[in-house]
Amino acid sequence: MSEATVDAIESRRSWNVLFWLTTLASAAPLFAARYLPFTDLPEHVAAMATLSDLAPGGRGASYEIALGDSQYLVYHAAGALLTRALGDAIFANQVLLALVAIAWPLAFRSLLRAFERDERIALFAPMLFWSRALAIGFLPFVASVPVALYALALLVRTLREPSRGRWMGLALVSTLLFYTHASSFLLFGVVTALVVLARRPAWRHVLALSASLTPSALLAFSWWRRGSLHLHHETESVVRMSVGETLTAMPLWTFDMWRSHV
1 MSEATVDAIE SRRSWNVLFW LTTLASAAPL FAARYLPFTD LPEHVAAMAT
51 LSDLAPGGRG ASYEIALGDS QYLVYHAAGA LLTRALGDAI FANQVLLALV
101 AIAWPLAFRS LLRAFERDER IALFAPMLFW SRALAIGFLP FVASVPVALY
151 ALALLVRTLR EPSRGRWMGL ALVSTLLFYT HASSFLLFGV VTALVVLARR
201 PAWRHVLALS ASLTPSALLA FSWWRRGSLH LHHETESVVR MSVGETLTAM
251 PLWTFDMWRS HV
């Protein structure tokens with residue numbers, strides 16, 4: 001091998017080591033304490049423990065699982081499986097969050113590769129994992145972000161090199177995304193439309209894309225029809241922020257998690 005090839009291999013190896021060290025280090029603080037200081041965390045741990053008890057082989061309870069009504073189904077179901085395996089819902093949630101933390105830079109790297117950009121930018125993904133959303137305890141939303149990033153990466157690859165397997169994979173990932181968090185699913189839909197407009201794929205690919213996203217769209221519509229967002233029409237007492245105020249507040253709600261007002 002030439003000297004340039006050897007240098008390229010060494011550089012690649014060094015980058016991989018740095019990437020994995022950073023990725024694993026970002027998840028390590030989640031095991032620093034048994035009770036993590038995230039506001040809504042107890043609610044999600046309770047849901048995981050309850051699902052673990054209600055599932056076949058559990059201790060049982062006088063409740064019925066309404067799987068179609070849960071919009072956080074993927075996170076809670078995964079947590080319930082880990083709870084059953086580990087015997088402790090609190091520790092199971094720590095493990096699940098650690099897997100989510102690891103998934104952030106991996107999904108971001110996949111998206112950068114799909115767009116043929118410098119994948120080393122993925123080193124900054126752990127900083128976004130440790131966000132205000134995590135501090136407040138929006139755990140399913142935090143878990144949905146890497147799913148959305150991977151779905152977008154798969155979308156770009158599928159439009160570039162379509163195949164039946166990729167269309168089916170896109171249908172599966174988009175469904176998983178919806179049942180992880182509806183907000184990320186909605187954003188994925190908006191970005192998908194923008195990608196299609198920017199890349200102008202052939203009409204047959206647009207039709208195939210529509211077919212792939214139809215199952216998740218129908219599930220989302222069915223959930224919306226059954227949910228409280230559709231049933232409650234009394235909006236007169238709801239005070240909404242203007243578009244300008246919302247855009248101004250976005251940086252605060254996204255990153256500003258250390259101010260005294262939090």
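Residue numbering for the sequence shown follows my numbering, beginning at 1 and increasing consecutively.
Beta carbons: idealized from backbone N, C-alpha and C, even for Gly.
For the alpha helix (DSSP H) that residue i lies in, which residues bound it at each end?
{"i": "Y179", "result": "Element bounds for Y179: n/a, residue is neither H nor E."}
{"i": "M48", "result": "41-54"}
{"i": "P162", "result": "Premise fails: P162 is in no alpha helix (DSSP H) and is neither H nor E."}
{"i": "A92", "result": "89-114"}
{"i": "W224", "result": "203-226"}
{"i": "I136", "result": "132-136"}
{"i": "L36", "result": "Here L36 belongs to no alpha helix (DSSP H), and DSSP marks it neither H nor E."}
If you draw a straight line from the C-alpha of residue i to the C-alpha of residue j, how long is it?
{"i": "S11", "j": "P105", "result": "19 Å"}
{"i": "L343", "j": "L176", "result": "Because residue 343 is not part of the residues shown, which for the chain are 1 to 262, the question remains open."}
{"i": "V196", "j": "L170", "result": "15 Å"}
{"i": "T22", "j": "D40", "result": "27 Å"}
{"i": "A80", "j": "A202", "result": "43 Å"}
{"i": "P251", "j": "S131", "result": "11 Å"}
{"i": "R226", "j": "S210", "result": "24 Å"}
{"i": "F115", "j": "T50", "result": "41 Å"}
{"i": "T214", "j": "W223", "result": "14 Å"}
{"i": "E119", "j": "L152", "result": "15 Å"}
{"i": "T248", "j": "R240", "result": "14 Å"}
{"i": "H230", "j": "Y72", "result": "Residue confidence for H230 is low, a pLDDT of 48 falling below 50, so the modelled location carries little weight and cannot support an answer."}
{"i": "V17", "j": "A133", "result": "29 Å"}
{"i": "R34", "j": "W15", "result": "33 Å"}
{"i": "F19", "j": "A182", "result": "30 Å"}
{"i": "H44", "j": "S184", "result": "18 Å"}
Does the beta carbon of residue i sit closer than 7 Å to a beta carbon anywhere in chain B?
{"i": "A125", "result": "In the structure shown, chain B does not exist; there is a single protein chain."}
Considering Cα atoms alone, identify which of the options is closest to residue i.
{"i": "L219", "options": "P162, L18, T50, S70", "result": "S70"}
{"i": "L24", "options": "A103, V156, G87", "result": "A103"}
{"i": "V142", "options": "R164, W20, F38, E161", "result": "F38"}
{"i": "R200", "options": "G165, L159, L30", "result": "L159"}
{"i": "A85", "options": "R204, S52, E116", "result": "S52"}
{"i": "F31", "options": "A101, R164, L247", "result": "A101"}
{"i": "P42", "options": "R109, S110, W167, A135", "result": "A135"}
{"i": "S144", "options": "N16, M168, Y179", "result": "Y179"}
{"i": "L96", "options": "R109, F108, F221, P140", "result": "P140"}
{"i": "V156", "options": "R113, A249, S14, A89", "result": "R113"}
{"i": "A107", "options": "F138, Y72, L154, Y75", "result": "L154"}
{"i": "S216", "options": "L172, G165, S184", "result": "L172"}
{"i": "A27", "options": "S212, L99, Y75, M48", "result": "L99"}
{"i": "S163", "options": "F185, L186, H205", "result": "H205"}
{"i": "Q94", "options": "L54, P29, L111, A47", "result": "P29"}
Three-pair Cβ contact test at 8 Å for the segment 73-89 versus the segment 117-125: Contact between the segment 73-89 and the segment 117-125 is absent, because fewer than three Cβ pairs lie under 8 Å.
Inter-stretch contact at 8 Å, needing at least 3 Cβ pairs: the segment 180-200 / the segment 139-148: Yes: the two stretches touch, three or more of their Cβ pairs being nearer than 8 Å.
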